[in-house]
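Okay, structure first, notes after.
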Amino acid sequence: MKRGIALIFGITVLALALFLPLAARAQQPIVIRLGHVGFPGSLFAIAADEYAKRANTSLKGRVDIRVFHSSQLGSDEQMSKGVKIGAPEMFLPSTVMSTLEQKFGVFEMPYIIVSRAHIKKAAENKQLQQNLFEPLPAKGMRILGVWENGFRHITNN
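Now the structure itself:
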């Protein structure tokens, strides 16, 4: 009888030793580093901070998105390479996307986009999204959203 109780006690202790660390880990939030090249107060910083605030609120402590500005996690090019291996987990790029997928170069051409309403309409176009976004998962990336970073024009002196 004592041997049976000792066996049950031993199995219980072993089970607790195995599963308690998993339960503790499940309660810790997943930390996601979101990097960008913008300085504090820039459009990059405002957008990234607002995204992190809303996502952290919506996810109720399960995820902790931490924003790193001013290229703290590297340049656009370094972050675009790093995000493929999870270091950082997310980044807010500027014009580096055309180096990852040539089709994004259309947005870098001058005078193609004439207004903010025009870029909004283009960004919401499902066919354009499919054409631009579909190749990226095979390259280790996903697009979560599109935003404008000002207009590009060619000048000369």
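To convert, note that position 67 of the sequence shown is 67 in the numbering used here; the numbers rise steadily by one, no gaps. We put the beta carbon where it would ideally sit given N, CA and C, even for glycine.
By the three-class DSSP mapping on this structure, what secondary structure does residue i have?
{"i": "L43", "result": "helix"}
{"i": "H214", "result": "Since the first residue of the chain shown is 1 and the last is 157, residue 214 is not available in this structure."}
{"i": "L92", "result": "strand"}
{"i": "G74", "result": "coil"}
{"i": "N149", "result": "coil"}
{"i": "P137", "result": "helix"}
{"i": "L132", "result": "helix"}
{"i": "R54", "result": "helix"}
With DSSP as the reference, identify every bridge partner of residue i, one or two as the case may be.
{"i": "I30", "result": "V63"}
{"i": "F68", "result": "G35"}
In terms of alpha-carbon separation, which member of the options lies closest to residue i?
{"i": "A117", "options": "H36, E148 and L59", "result": "E148"}
{"i": "N56", "options": "P29, S71 and M79", "result": "P29"}
{"i": "F133", "options": "I143, E124 and E89", "result": "I143"}
{"i": "L73", "options": "V37, Q130, A123 and L59", "result": "V37"}
{"i": "H69", "options": "P93, Q27 and E108", "result": "P93"}
Within 8 Å of any Cβ in chain B, is that where the Cβ of residue i sits?
{"i": "K103", "result": "No chain B is present in this structure, which holds just one protein chain."}
Runs of beta strand (DSSP E) lying entirely within the segment 85 to 130, each at least 3 residues, in chain order: 90 to 92
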